[in-house]
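Here the structure is laid out as structure tokens; the discussion comes afterwards.
There are 2 protein chains.
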Amino acid sequence: MKDLLQSLLKEAGIEPALIEEIQEVGVPKKAATGELLITPGSTSMYMPFVLNGVLSVVRQDDNGNEILLYYLEGGETCAMSLACCIEGKKNDFKVTAEEDSVLWMVPMSHLDKWIQEYKSFRKYIFSSYQVRFDELLETIDSITFLKLYERLYKYLLDKKQATRSYEINMSHEQIAQHLNTSRVVVSRLLKQLENENKIEIERNKISIL
Amino acid sequence: MKDLLQSLLKEAGIEPALIEEIQEVGVPKKAATGELLITPGSTSMYMPFVLNGVLSVVRQDDNGNEILLYYLEGGETCAMSLACCIEGKKNDFKVTAEEDSVLWMVPMSHLDKWIQEYKSFRKYIFSSYQVRFDELLETIDSITFLKLYERLYKYLLDKKQATRSYEINMSHEQIAQHLNTSRVVVSRLLKQLENENKIEIERNKISIL
DNA sequence: TATTGTTTGTAACTAATGTTACAGAGTGAG
DNA sequence: CTCACTCTGTAACATTAGTTACAAACAATA
Numbered sequence: 000m001k002d003l004l005q006s007l008l009k010e011a012g013i014e015p016a017l018i019e020e021i022q023e024v025g026v027p028k029k030a031a032t033g034e035l036l037i038t039p040g041s042t043s044m045y046m047p048f049v050l051n052g053v054l055s056v057v058r059q060d061d062n063g064n065e066i067l068l069y070y071l072e073g074g075e076t077c078a079m080s081l082a083c084c085i086e087g088k089k090n091d092f093k094v095t096a097e098e099d100s101v102l103w104m105v106p107m108s109h110l111d112k113w114i115q116e117y118k119s120f121r122k123y124i125f126s127s128y129q130v131r132f133d134e135l136l137e138t139i140d141s142i143t144f145l146k147l148y149e150r151l152y153k154y155l156l157d158k159k160q161a162t163r164s165y166e167i168n169m170s171h172e173q174i175a176q177h178l179n180t181s182r183v184v185v186s187r188l189l190k191q192l193e194n195e196n197k198i199e200i201e202r203n204k205i206s207i208l
Numbered sequence: 000m001k002d003l004l005q006s007l008l009k010e011a012g013i014e015p016a017l018i019e020e021i022q023e024v025g026v027p028k029k030a031a032t033g034e035l036l037i038t039p040g041s042t043s044m045y046m047p048f049v050l051n052g053v054l055s056v057v058r059q060d061d062n063g064n065e066i067l068l069y070y071l072e073g074g075e076t077c078a079m080s081l082a083c084c085i086e087g088k089k090n091d092f093k094v095t096a097e098e099d100s101v102l103w104m105v106p107m108s109h110l111d112k113w114i115q116e117y118k119s120f121r122k123y124i125f126s127s128y129q130v131r132f133d134e135l136l137e138t139i140d141s142i143t144f145l146k147l148y149e150r151l152y153k154y155l156l157d158k159k160q161a162t163r164s165y166e167i168n169m170s171h172e173q174i175a176q177h178l179n180t181s182r183v184v185v186s187r188l189l190k191q192l193e194n195e196n197k198i199e200i201e202r203n204k205i206s207i208l
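Chain order of the listed sequences is A and B. Residues 0 to 208 (numbering that gives the first Met the number 0) are what the first sequence spells out, left to right. Residues 0 to 208 (numbering that gives the first Met the number 0) are what the second sequence spells out, left to right.
Written out as structure tokens, the structure reads:
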């Protein structure tokens with residue numbers, strides 16, 4: 000597991016001395032598919048660095064409605080957790096394991112020192128922020144400018160991309176939640192996508208063609 | 000003008016030595032109402048620090064459709080410009096002066112050094128990121144969870160907040176653009192708001208009650 | 001195999017938003 | 001004042017998305 004951590008950090012441009020430190024102060028954490036890692040209202044003491052698997056970051060409103068913001072994959076970290084922690088604020092989103100995943104949990108208390116000392120870490124952190132901004136903007140684009148039909152198709156393609164699999168194992172209900180719509184609407188539009196030979200529908204499974 | 004800069008920076012917690020530096024290397028810039036400050040596709044060499052006035056940050060799609068992301072007010076800076084510049088990317092949003100405004104333009108080249116040297120600057124930058132994340136999330140909330148009627152009312156209240164004025168001098172067409180809808184729809188819903196005694200409509204002017 | 005719960009398909013209807021078209025009111029330049 | 005232009009109000013209609021209701025297919029397990 001430490002090998003994976005090392006190679007991902009190296010890939011991210013982190014210098015060897017800091018890789019050492021991160022290895023020493025962090026602890027591993029496994030998360031099974033569907034496991035809830037961060038809940039709204041909690042405060043993060045750890046910066047979660049994804050070793051493998053996929054996490055989803057979801058926004059919730061007061062009535063329990065939801066919308067998917069983006070996925071986190073290997074080598075990435077949750078910039079919004081950082082932002083929250085640095086400001087001492089509560090998280091206002093939830094993070095769930097979309098597949099069995101492994102994280103490296105790094106105590107936030109080291110962040111300021113590292114940002115000061117390591118140029119490579121500054122770069123990594125700012126790059127993370129940038130990537131998340133981009134993802135949020137893309138999410139806003141989808142919600143704002145696309146019809147639900149297009150958004151659904153984009154959702155499936157994004158999911159394919161994140162999980163590196165042409166098969167998506169979700170119920171229509173689950174998809175509807177990520178898009179903040181109803182199951183009936185999703186079923187209707189999926190059927191339409193199937194009729195246009197873009198996907199194939201089975202129970203709890205959608206294959207992208 | 001330098002007085003204003005100084006007091007805003009002090010308020011933001013920036014230490015005196017850095018305030019000096021910022022005063023020395025920055026230059027003032029005035030922007031008249033409606034002036035375009037950042038266009039999609041450009042690259043920012045300066046960090047724009049708002050001294051007074053209000054700027055709007057707007058996202059555009061390929062067909063020229065738009066949506067307002069948030070306003071920037073005195074003492075704030077455009078975290079997305081920072082993010083873009085640090086990563087050497089092009090801006091993918093536009094920034095417009097909503098009122099006559101004055102900015103302090105600080106060359107980005109100093110940022111890394113300041114982040115390294117000044118704890119107060121790290122705090123300011125990370126706080127800016129946090130605030131922008133929050134604003135983007137709030138925007139996502141509005142688009143996702145609110146009906147257009149509610150979104151429009153919230154838009155008017157936000158505008159009131161940003162400009163510190165109960166009178167909004169915009170045409171329905173302009174409002175429609177910020178919400179990515181059509182003028183007719185905005186007129187319809189404004190009329191509804193007027194019927195519920197929440198606003199008063201005149202030509203090019205909406206008063207919030 | 002029988003039973004139960006989950007998932008999907010579909011129809012019929014409602015609500016929200018978008019579009020087109022046109023009239024009339026207000027404004028500024030000449 | 002007149003003309004040209006912009007802005008607003010409103011009706012009629014189209015499209016998209018949300019809701020309710022129910023049946024059938026499938027899966028798990030007792």
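Idealized CB from N, CA, C, for every residue including glycine.
Beta-carbon contacts of residue i that lie in its chain and below 8 Å, excluding the five residues immediately before and after
i        : result
Thr224/B : The requested residue 224/B does not occur in the structure, where chain B is confined to residues 0 to 208.
Gln22/A  : Lys1, Leu4, Gln5
Val56/A  : Leu67, Leu68, Tyr69, Tyr70, Leu71, Cys77, Met79, Phe92, Lys93, Val94
Pro39/B  : Gln59, Lys89, Asn90, Asp91, Phe92, Lys93
Asn196/A : Leu208
Leu211/A : In the structure as shown, chain A begins at 0 and stops at 208. Residue 211/A is therefore absent and cannot be evaluated.
His109/B : Glu20, Val24
Asp157/A : Tyr70
Tyr123/B : Ala11, Gly12, Ile13
Gln191/A : Tyr148
Asp209/B : The structure shown does not extend to residue 209/B, since chain B spans only 0 to 208, so no value can be given for it.
Contacting residues, own chain, Cβ-Cβ under 7 Å from residue i (five flanking each side not counted)
i        : result
Gly73/B  : Leu7, Val49, Leu50, Asn51
Tyr165/B : Lys159, Ser206, Ile207
Val105/A : Ile21, Val24, Gly25, Tyr45, Met46, Phe48
Gly209/A : The structure shown does not extend to residue 209/A, since chain A spans only 0 to 208, so no value can be given for it.
Within 8 Å, strictly: CB atoms of residue i and residue j
i        : j        : result
Tyr128/A : Ala11/B  : no
Asn179/B : Ile66/B  : yes
Ser186/A : Glu14/A  : no
Arg182/A : Glu193/A : no
Ile200/B : Leu188/B : no
Ile167/B : Ile142/A : no
Leu155/B : Leu135/A : no
Residue from the options whose Cα sits closest to the Cα of residue i
i        : options                                : result
Thr138/A : Val184/A, Thr180/A, Ala30/A, Leu68/A   : Leu68/A
Leu147/A : Leu35/A, Pro15/A, Ser43/A, Val184/A    : Val184/A
Ile198/A : Gln191/A, Leu208/A, Lys204/A           : Leu208/A
Thr42/B  : Trp103/B, Asp157/B, His177/B, Met107/B : Met107/B
Trp103/A : Asn168/A, Gln191/A, Val24/A, Thr143/A  : Val24/A
Leu151/B : His177/B, Asp133/B, Leu136/B, Asn168/B : His177/B
Phe125/A : Asn203/B, Asp111/B, Thr143/B, Met169/B : Asp111/B
Ser170/A : Arg202/A, Tyr123/A, Leu155/A, Glu116/A : Arg202/A
Asp140/A : Lys9/B, Asp61/B, Ala16/B, Pro27/B      : Asp61/B
Leu17/A  : Asp157/A, Lys204/A, Lys29/A, Glu116/A  : Glu116/A
Contact set for residue i: own chain, Cβ-Cβ below 6 Å, skip 5 residues either direction
i        : result
Ile174/A : Val185
Leu35/B  : Thr95
Arg121/A : Ile114
Ala31/B  : Asp99
Asn64/A  : Asn179
Lys28/B  : Leu102, Met104
Next item on the list: Inspect the CB distances between the region 64–79 of chain A and the region 39–48 of chain A and report whether three or more fall short of 8 Å.
Entry: Yes, since at least three Cβ pairs between the region 64–79 of chain A and the region 39–48 of chain A fall closer than 8 Å, the two stretches touch.
Notebook entry, point to check: Between the region 119–133 of chain B and the region 87–94 of chain B, do three or more beta carbon pairs fall short of 8 Å?
Noted result: Touching, no, given that fewer than three Cβ pairs across the two stretches are closer than 8 Å.
Next item on the list: Would you mind listing the alpha helix (DSSP H) stretches within the region 90–164 of chain B that are 4+ residues and don't spill past its ends, in chain order?
Entry: DSSP runs (the alpha helix (DSSP H)) wholly in the region 90–164 of chain B: 110–116, 118–144, 147–162.
Margin query: Report the start-end ranges of each beta strand (DSSP E) in the region 49–84 of chain A that is 3 residues or longer and not cut off at the edges.
Written below: Unbroken beta strand (DSSP E) runs of no fewer than 3 residues, entirely contained in the region 49–84 of chain A, are found at 54–59, 65–71, following chain order.
Next item on the list: Would you list, in sequence order, the uninterrupted beta strand (DSSP E) runs of no fewer than 3 residues that lie entirely inside the region 3–58 of chain B?
Entry: For the region 3–58 of chain B, whole beta strand (DSSP E) runs of length 3 or above, ordered along the chain, are 26–30, 35–37, 45–51.
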